[in-house]
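Q: First the structure, which I've put down as structure tokens, then a few questions once you've had a look.
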Ligand SMILES: Nc1ncnc2c1ncn2[C@@H]1O[C@H](COP(=O)(O)OP(=O)(O)OP(=O)(O)O)[C@@H](O)[C@H]1O
Ligand SMILES: [Mg+2]
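Residue numbers (the numbering used here): 625 to 1099.
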């Protein structure tokens, strides 16, 4: 096999196994490497945690339920890739993923979101995810059915008024009409498929949105209890339809969607979604340090912080949460917590919760060399983003190595002097650097090649960087 063919095959293979959530830890790290620079320890830990879930799926039944997920705490300053790692991991695993902020929760009985809501959120998400997959599966069939419905509207089938007494001669007429109709229909089908009828406006019956009455009567907070009046009563009511005018082109989409909904088994989809949440769900709890009260501080907000931890505990330990789709067990959901832990330490968390997050990984703060790479290497690297954006205005923007190095150097410097916000600094610096070009294109500059080298970077940014007050506000 040629080298190229081999690489291609390997890549296809990875994509295929990625879809099935079967990547090995090393492959997971390699995939994460495409988006995140450095932070090898964190990548390694999450890769192991993810693979362990696959391993768990494959052990014998008796022991499977005993195996607990390796919940992880990512510790590190702001803007070093904690959220990014979790997000990319979830995408790799094609797993339902939600991110919540621990500080948004408050103790039971206080105003704020209750902790159960994160399980409801991830379940909602999984249901949407599974349903859209199922919809995609039946898409072809749904399109054919939509086509039939459009043809019905365009050329209504011949009326069978057939008075009994005229039945004799009518039979023949009827058959003739039927044949005519069929052949017209086929002609129309051809034109429809060729897109020749796309602009024509037709009237389509579409299900009208649930009756507004329901929403008026639904007491506030019902959703929070995990129920939804619409779901309970909605199915008992006959579906209402209303007529809407639209182009044939739009009708193709709308009707295909509707037919697809009829084709998929909603109950099965919900069951699958719940199973997916229970076995592969990832919940990312951000800012966990904000609910880690400093010990010995006694009363005040710390009490409620600890309260939040106590509320979190059953969910992380494994409990059953009522959602509008049914009960969801949280035992095997993977929890990844993260926090800067500046003024508190993981050991300030209540012991039970610490025990539930056995893996601690520290992410290091980023320096100049990291920034050079972050600017250029990841698939979503900022420089690639801006190059693509300006390309739409016919401006070819090129960063020289020295230019990139200078941006990284300034980012590091401002992080040291003002506040360390990690890689987020690159965003503010690049927007400031490119502001003029972004504003002047395409009116003043167009069809142009712009080279950004260190001289230009210095010229644009040095005044701001050397003035602490300025950089505090601008960069
Ligand atoms: N190591 C890295 N490699 C590539 N990009 C990074 C890295 N670290 C941070 N970034 C980029 O910086 C931005 C912020 O990163 P992220 O959201 O992961 O920060 P965080 O560590 O979660 O910070 P916080 O504690 O404030 O939530 C993202 O846009 C991300 O792409
Ligand atoms: Mg974050």
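For each residue, glycine too, the CB sits at the ideal point set by N, CA and C.
On a predicted model such as this, the values are computed, not experimentally measured, just so you know.
Would you say the beta carbon of residue 913 is closer than 7 Å to some non-hydrogen atom of ligand 3?
A: Ligands displayed in this structure: ligand 1 and ligand 2; ligand 3 is not among them.
Q: Just checking residue 706 against ligand 1 - is the residue's beta carbon closer than 7 Å to any of the ligand's heavy atoms?
A: In the chain shown, counting from the first residue as 1, residue 706 sits at position 82. Yes, the beta carbon of residue 706 sits closer than 7 Å to at least one heavy atom of ligand 1.
Q: Skipping 5 residues on each side, what residues in its chain have a beta carbon closer than 8 Å to that of residue 708?
A: Position 84 of the chain shown holds residue 708. The answer, listed in chain order, is 659, 660.
Q: For residue 716 and residue 1021, I'd like the C-alpha separation in whole angstroms.
A: Here residue 716 refers to the residue found at position 92 of the chain shown. Here residue 1021 refers to the residue found at position 397 of the chain shown. Using only the alpha carbons, I get a separation of about 32 Å.
Q: Are the beta-carbon atoms of residue 739 and residue 935 separated by less than 8 Å?
A: Numbered from 1 along the chain shown, position 115 holds the residue referred to as residue 739. Numbered from 1 along the chain shown, position 311 holds the residue referred to as residue 935. Contact: yes.
Q: Express the C-alpha separation of residue 782 and residue 776 in angstroms, rounding to a whole number.
A: Your numbering for residue 776 matches position 152 in the chain shown. Your numbering for residue 782 matches position 158 in the chain shown. Straight-line Cα distance between these residues: approximately 10 Å.
Q: Is any heavy atom in ligand 1 found nearer than 7 Å to the beta carbon of residue 1099?
A: Residue 1099 sits at position 475 when you count from the first residue of the chain shown. Outside the cutoff, so no.
Q: Hey, could you find the ends of the beta strand (DSSP E) residue 983 is sitting in?
A: Stepping through the chain shown from its first residue, residue 983 is reached at position 359. Per DSSP, residue 983 belongs to the beta strand (DSSP E) from 983 to 986.
Q: Hey, quick one: how far does the beta strand (DSSP E) through residue 958 stretch, first residue to last?
A: In the chain shown, the residue the question calls residue 958 occupies position 334. Run containing residue 958: 958 to 963, per the beta strand (DSSP E) assignment.
Q: Check the C-beta distance from residue 649 over to residue 675 and give it rounded, since I have them as a contact under 8 Å.
A: Looking up residue 649 in the chain shown gives position 25. Looking up residue 675 in the chain shown gives position 51. That belief holds up - the Cβ atoms of residue 649 and residue 675 are roughly 5 Å apart, short of 8 Å.
Q: I'd like to know whether the C-beta atoms of residue 999 and residue 1032 end up nearer to each other than 8 Å.
A: Indexing the chain shown from 1 puts residue 999 at position 375. Indexing the chain shown from 1 puts residue 1032 at position 408. For residue 999 and residue 1032, yes; Cβs fall inside 8 Å.
Q: Label residue 720 either buried or exposed according to how many other C-beta atoms from any shown protein chain fall within 10 Å of its C-beta, with 16 as the threshold for buried.
A: One-based indexing of the chain shown puts residue 720 at position 96. When all chains shown are included, residue 720 counts as buried.
Q: Look at residue 985 and residue 699 and say whether their C-beta atoms are less than 8 Å apart.
A: Counting from 1 along the chain shown, the entry for residue 985 is found at position 361. Counting from 1 along the chain shown, the entry for residue 699 is found at position 75. Cβ atoms of residue 985 and residue 699: closer than 8 Å.
Q: Of the choices 1063, 990, 805, whose alpha-carbon is the least far from that of residue 1037?
A: Within the chain shown, numbered from 1, the residue matching residue 1037 stands at position 413. Residue 1037 has its Cα closest to that of 990, out of 1063, 990, 805.
Q: For the stretch 663 to 672 against the stretch 883 to 903, do three or more pairs of beta-carbon atoms, one drawn from each stretch, fall closer than 8 Å, so that the two count as touching?
A: The stretch 663 to 672 vs the stretch 883 to 903: no contact.
Q: For a test of your reading of the model: does the CB of residue 649 fall under 7 Å from any non-hydrogen atom of ligand 1? Yes or no.
A: In the chain shown, the residue the question calls residue 649 occupies position 25. Result no, Cβ not under 7 Å from ligand 1.
Q: With distance defined between alpha-carbon atoms, name the residue in 743, 811, 944, 1053 nearest to residue 1094.
A: On the chain shown, residue 1094 is found 470 positions in, with the first residue counted as 1. Of the listed residues, the one whose Cα sits closest to residue 1094 is 1053.
Q: Go ahead and pull the three-state DSSP assignment for residue 904.
A: As a first step, residue 904 must be located in the chain shown, where it is residue number 280. The answer is helix: DSSP assigns residue 904 an H, G or I state.
Q: Report the three-state DSSP secondary structure of residue 1022 (helix, strand or coil).
A: Here residue 1022 corresponds to residue number 398 of the chain shown, with the count starting at 1. Three-state result, residue 1022: strand.
Q: From residue 1084 to residue 1003, what distance separates their C-alpha atoms?
A: The sequence position of residue 1084 within the chain shown is 460, counting from 1. The sequence position of residue 1003 within the chain shown is 379, counting from 1. Looking at the two C-alpha atoms, the distance is approximately 27 Å.
Q: So, for residue 1045: in the same chain, excluding its five sequence neighbours on each side, which residues have a beta-carbon less than 7 Å away from its beta-carbon?
A: If you number the chain shown from 1, residue 1045 lands on position 421. Closer than 7 Å at Cβ, skipping near neighbours: 702, 703, 1039.
Q: Helix, strand or coil for residue 949 per DSSP?
A: Position 325 of the chain shown, counted from the start, is the residue given in the question as residue 949. Looking at residue 949 - three-state DSSP - the assignment turns out to be coil, as it is neither helix nor strand.
Q: Run through the DSSP bridge pairs and tell me what residue 868 is partnered with.
A: Within the chain shown, residue 868 is the residue found at index 244, counting from 1. Per DSSP, 828.
Q: Is the stretch 933 to 951 touching the stretch 760 to 779, taking contact as three or more C-beta pairs under 8 Å?
A: Touching, no.
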